[in-house]
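**Q**
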Amino acid sequence: MRFVFKKLPRPRYIGKTGRMGEQRRFETSPTLLGDVSGATSPASDGEVTLARLRSFLDAEEPQAVRWLVHTWNGQQAAITYAELREAVLTGSMSQAQLEKWQQDYSKLVTAQLAPQWEKAMAQAAKERLEQYPKFLYDPSVSAAQSYIQQHGAELVTNLTAEQQVAIKAMVAQVAYYDATTADSLALLIRPVIGLTKPQAKANLNYYNTTLNAIKEAHPRITQERAEAQARDKAAKYAARQQRYRAMNIARTELATAYNQGAYGATLDAQERGYIGDCKKTWLTADDERVCKECGGVEGESRNMKEMFSVGVLIPPAHPSCRCAVAYEEIAPPIPAVAGDGIHRP
Ligand SMILES: [Zn+2]
Numbered sequence: 041m042r043f044v045f046k047k048l049p050r051p052r053y054i055g056k057t058g059r060m061g062e063q064r065r066f067e068t069s070p071t072l073l074g075d076v077s078g079a080t081s082p083a084s085d086g087e088v089t090l091a092r093l094r095s096f097l098d099a100e101e102p103q104a105v106r107w108l109v110h111t112w113n114g115q116q117a118a119i120t121y122a123e124l125r126e127a128v129l130t131g132s133m134s135q136a137q138l139e140k141w142q143q144d145y146s147k148l149v150t151a152q153l154a155p156q157w158e159k160a161m162a163q164a165a166k167e168r169l170e171q172y173p174k175f176l177y178d179p180s181v182s183a184a185q186s187y188i189q190q191h192g193a194e195l196v197t198n199l200t201a202e203q204q205v206a207i208k209a210m211v212a213q214v215a216y217y218d219a220t221t222a223d224s225l226a227l228l229i230r231p232v233i234g235l236t237k238p239q240a241k242a243n244l245n246y247y248n249t250t251l252n253a254i255k256e257a258h259p260r261i262t263q264e265r266a267e268a269q270a271r272d273k274a275a276k277y278a279a280r281q282q283r284y285r286a287m288n289i290a291r292t293e294l295a296t297a298y299n300q301g302a303y304g305a306t307l308d309a310q311e312r313g314y315i316g317d318c319k320k321t322w323l324t325a326d327d328e329r330v331c332k333e334c335g336g337v338e339g340e341s342r343n344m345k346e347m348f349s350v351g352v353l354i355p356p357a358h359p360s361c362r363c364a365v366a367y368e369e370i371a372p373p374i375p376a377v378a379g380d381g382i383h384r385p
């Protein structure tokens, strides 16, 4: 599907700063997407920008979710029962296990997520600078590559560390349940591999509540059978938690890359003399998944290298944030100085 970009009057909220609580409603009308025959209300630049980000996320998120879930399922299948039991007895995962996980994440980022981020950046750059046809955005020479490399390494480290912390917390907590043996604890850990610490704790609470409910409903059930049934339910819950987390990561990472692409391309075009001084304005994703956290920053305008009031240069401001930025050229490019070596249009 192709977007039809229409140059339209600037929306009135651009340029006003931080108007708390003002509701700006719009729908993703068919005028933003594809065929404009029989178009109804015209879309503003800001609406087009937000609709483009949303459309990109809708198209790319499912794939990223599948990659993440596939990685976690692989990790769950790869760990042996003896290794899980060892973790329960020693209180944490072995160094060798952490290294294995780090390698899994490294593979996930290098082979799958990073190329997708690059795609997000290239698309955002193209959309951002389509009114400057002479400007050629090249992600391989722009700041995009260093962002991808640095952020990719951070993500690998964070995912591995979070996993270690989650398992450690779970093992520490299950140590209090004396009725449960090391063997059955080991079985509880496998499905939570890939969850965060709060998620792993929630899963364990769910397991305990379920176990009690089963024993209450069936007073003559053996402990072993009751535990097996509760474990089964907890594993199903873990699968839902895993999808939720994957969705969160996918959206946050893709929205970050997309916004980085638009911002980086604008800076790049400025540096090369295609665009003059710009201001950036925060656009809140105001749809069925309203970005409540960003309500206060909606419509806030800043200079290119100035932070928004939420403490970031560009969205996202929080996990799953789907806000975007509108850029407005407020001064013409500085005329070329002879012999400065900068190529200008
Ligand atoms: Zn937001």
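When you read off a place in the sequence shown, starting at 1, and then add 40, the result is the number in this note's numbering. Don't be surprised by glycine CBs; every beta carbon is placed ideally from N, CA and C. Quantities reported herein were computed from a predicted structural model and do not represent experimental measurements.
1) Just the Cα atoms here: how many angstroms apart are residue 171 and residue 238?
2) What would DSSP say about residue 340, mapped onto helix, strand or coil?
3) Could you tell me whether any non-hydrogen atom of ligand 1 is closer than 8 angstroms to the CB of residue 333?
4) Could you check if residue 258 belongs to the surroundings of ligand 1, using beta carbon to heavy atom distance under 8 angstroms?
5) Take every Cβ of the region 122-137, pair it with every Cβ of the region 273-291, and state whether three or more of those distances are shorter than 8 angstroms.
6) Return the chain-ordered ranges of every beta strand (DSSP E) run that is complete within the region 341-365 and spans a minimum of 3 residues.
7) Please confirm whether any heavy atom of ligand 1 lies closer than 8 angstroms to the CB of residue 291.
8) Which of helix, strand or coil does DSSP assign to residue 370?
9) What span of residues does the alpha helix (DSSP H) with residue 237 cover, start to end?
10) Quick check on DSSP: helix, strand or coil for residue 331?
11) Does the distance between the C-beta of residue 285 and the nearest non-hydrogen atom of ligand 1 fall short of 8 angstroms?
12) Sorry if obvious, but does the Cβ on residue 366 come closer than 8 angstroms to a heavy atom of ligand 1?
13) Put residue 169 into one of helix, strand or coil per three-state DSSP.
14) My output table needs one value for residue 195: the three-state DSSP class, helix, strand or coil.
15) Report whether the distance from the Cβ of residue 324 to the nearest heavy atom of ligand 3 is below 8 angstroms.
16) For residue 373, which residues from the same chain have a beta carbon less than 7 angstroms from its beta carbon, with the 5 sequence-adjacent residues on both sides left out?
17) Can you tell which of 187, 234, 165 has the C-alpha that lies nearest to the C-alpha of residue 114?
18) Along the chain, where does the beta strand (DSSP E) containing residue 319 start, and where does it finish?
19) Alpha carbon to alpha carbon, what distance is there between residue 143 and residue 365?
20) With a threshold of 8 angstroms, are at least 3 pairs of Cβ atoms found where one atom belongs to the region 147-164 and the other to the region 246-255?
21) Does the Cβ-Cβ distance between residue 334 and residue 324 come in under 9 angstroms?
22) Under 8 angstroms: do the region 283-291 and the region 99-107 share three or more Cβ pairs, one atom per stretch?
23) Consider the C-beta atom of residue 342 and the heavy atoms of ligand 1; say whether any pair is separated by less than 8 angstroms.
24) Between the alpha carbons of residue 141 and residue 200, how many angstroms are there, rounded?
25) In terms of alpha-carbon separation, which member of 293, 306, 370 lies closest to residue 31?
26) Here's a check: name, in chain order, each residue in its chain whose Cβ is nearer than 6 angstroms to the Cβ of residue 208, leaving out the five neighbours to either side.
27) Tell me whether residue 318, by its Cβ, gets closer than 8 angstroms to a heavy atom of ligand 1.
28) Residues in its own chain within less than 6 angstroms of residue 297 by CB, not counting five upstream and five downstream?
29) Which value, in whole angstroms, describes the spacing of the CA atoms of residue 319 and residue 147?
30) Please determine, among 183, 102, 118, 145, the residue with the shortest C-alpha to C-alpha distance to residue 299.
31) Taking the straight line between their C-alpha atoms, what separation do you get for residue 282 and residue 102?
32) Let me know if residue 367 comes out buried or exposed under the rule of 16 or more other beta-carbons within 10 Å of its beta-carbon.
33) If we ignore side chains and look at the alpha-carbon of each, how far apart do residue 347 and residue 353 end up?
34) Might you give, ordered along the chain, the residues of its own chain that have their beta carbon closer than 8 angstroms to the beta carbon of residue 206, omitting 5 neighbours on each side?
35) Pick out whichever of 363, 120, 369, 185 has its Cα sitting closest to the Cα of residue 97.
36) Considering only residues of the same chain and omitting the five flanking positions on each side of residue 331, which have a CB-CB separation below 7 angstroms?
**A** Answer, in terms of the structure:
1) To locate residue 171, count along the sequence shown from 1; it is residue 131. To locate residue 238, count along the sequence shown from 1; it is residue 198. If you take the alpha carbons of residue 171 and residue 238, they lie about 46 angstroms apart.
2) Against the sequence shown, residue 340 aligns to sequence position 300. Of the three classes helix, strand and coil, the one that applies to residue 340 here is coil, per DSSP.
3) Here the question's residue 333 lines up with position 293 in the sequence shown. At least one heavy atom of ligand 1 is nearer than 8 angstroms to the Cβ of residue 333, so yes.
4) In the sequence shown, the residue the question calls residue 258 occupies position 218. Incorrect: residue 258 has no Cβ contact closer than 8 angstroms to ligand 1.
5) no
6) 341-343
7) Numbered from its first residue, the sequence shown carries residue 291 at position 251. No - ligand 1 has no heavy atom lying nearer than 8 angstroms to the Cβ of residue 291.
8) For the purposes of this step, residue 370 is identified with residue 330 of the sequence shown, where counting begins at 1. Of the three classes helix, strand and coil, the one that applies to residue 370 here is coil, per DSSP.
9) Here residue 237 corresponds to residue number 197 of the sequence shown, with the count starting at 1. Its alpha helix (DSSP H) spans residues 237-257.
10) Residue 331 sits at position 291 when you count from the first residue of the sequence shown. Residue 331: coil per DSSP, three-state reduction.
11) For the purposes of this step, residue 285 is identified with residue 245 of the sequence shown, where counting begins at 1. The answer is no for residue 285.
12) Counting from 1 along the sequence shown, the entry for residue 366 is found at position 326. Not under cutoff, so the answer is no.
13) Within the sequence shown, residue 169 is the residue found at index 129, counting from 1. Coil.
14) Reading the sequence shown from its first residue, position 155 is the one you call residue 195. In the structure shown, residue 195 sits in a helix (DSSP, three-state: H, G or I).
15) Among the ligands in the structure shown, ligand 3 does not appear; only ligand 1 can be found there.
16) Looking up residue 373 in the sequence shown gives position 333. Hits under 7 angstroms: 313, 314, 315, 316.
17) As a first step, residue 114 is located in the sequence shown; it is residue number 74 there, counting from the start. Selected option, being the one with the closest Cα: 234.
18) To locate residue 319, count along the sequence shown from 1; it is residue 279. Per DSSP, residue 319 belongs to the beta strand (DSSP E) from 318-323.
19) Taking the sequence shown and counting its residues from 1, one reaches residue 365 at position 325. Taking the sequence shown and counting its residues from 1, one reaches residue 143 at position 103. If I take the Cα positions, the gap works out to 35 angstroms.
20) No: the two stretches stay apart, fewer than three of their Cβ pairs being nearer than 8 angstroms.
21) Walking along the sequence shown from the start, residue 334 turns up at place 294. Walking along the sequence shown from the start, residue 324 turns up at place 284. Result yes, Cβ atoms of residue 334 and residue 324 sit closer than 9 angstroms.
22) yes
23) Counting from 1 along the sequence shown, the entry for residue 342 is found at position 302. For ligand 1, not one heavy atom lies less than 8 angstroms from the Cβ of residue 342.
24) Looking up residue 141 in the sequence shown gives position 101. Looking up residue 200 in the sequence shown gives position 160. When rounded, the distance between both Cα atoms is 6 angstroms.
25) Residue coverage of the chain in this structure runs from 41 to 385, which leaves residue 31 outside it and unanswerable.
26) In the sequence shown, the residue the question calls residue 208 occupies position 168. Around residue 208: 132.
27) As a working mapping, residue 318 is identified with position 278 in the sequence shown. Checking every heavy atom of ligand 1 against the Cβ of residue 318, none is found closer than 8 angstroms.
28) Looking up residue 297 in the sequence shown gives position 257. So the qualifying residues of the chain are 157, 160, 161.
29) Here the question's residue 319 lines up with position 279 in the sequence shown. Here the question's residue 147 lines up with position 107 in the sequence shown. C-alpha separation (whole angstroms): 38 angstroms.
30) Position 259 of the sequence shown, counting from 1, holds the residue named residue 299. It is 183 whose Cα lies nearest to the Cα of residue 299.
31) Position 242 of the sequence shown, counting from 1, holds the residue named residue 282. Position 62 of the sequence shown, counting from 1, holds the residue named residue 102. When rounded, the distance between both Cα atoms is 14 angstroms.
32) Locating residue 367 in the sequence shown gives position 327, counting from the first residue. The residue is buried, with at least 16 neighbouring Cβ atoms inside 10 Å.
33) Taking the first residue of the sequence shown as position 1, residue 347 is located at position 307. Taking the first residue of the sequence shown as position 1, residue 353 is located at position 313. Straight-line Cα distance between these residues: approximately 5 angstroms.
34) Translated into the one-based positions of the sequence shown, residue 206 becomes position 166. So the qualifying residues of the chain are 232, 235, 236, 237, 239, 240.
35) Your numbering for residue 97 matches position 57 in the sequence shown. Of 363, 120, 369, 185, the residue nearest in Cα terms is 363.
36) Taking the sequence shown and counting its residues from 1, one reaches residue 331 at position 291. Contacts found: 324, 325, 361, 362, 363.
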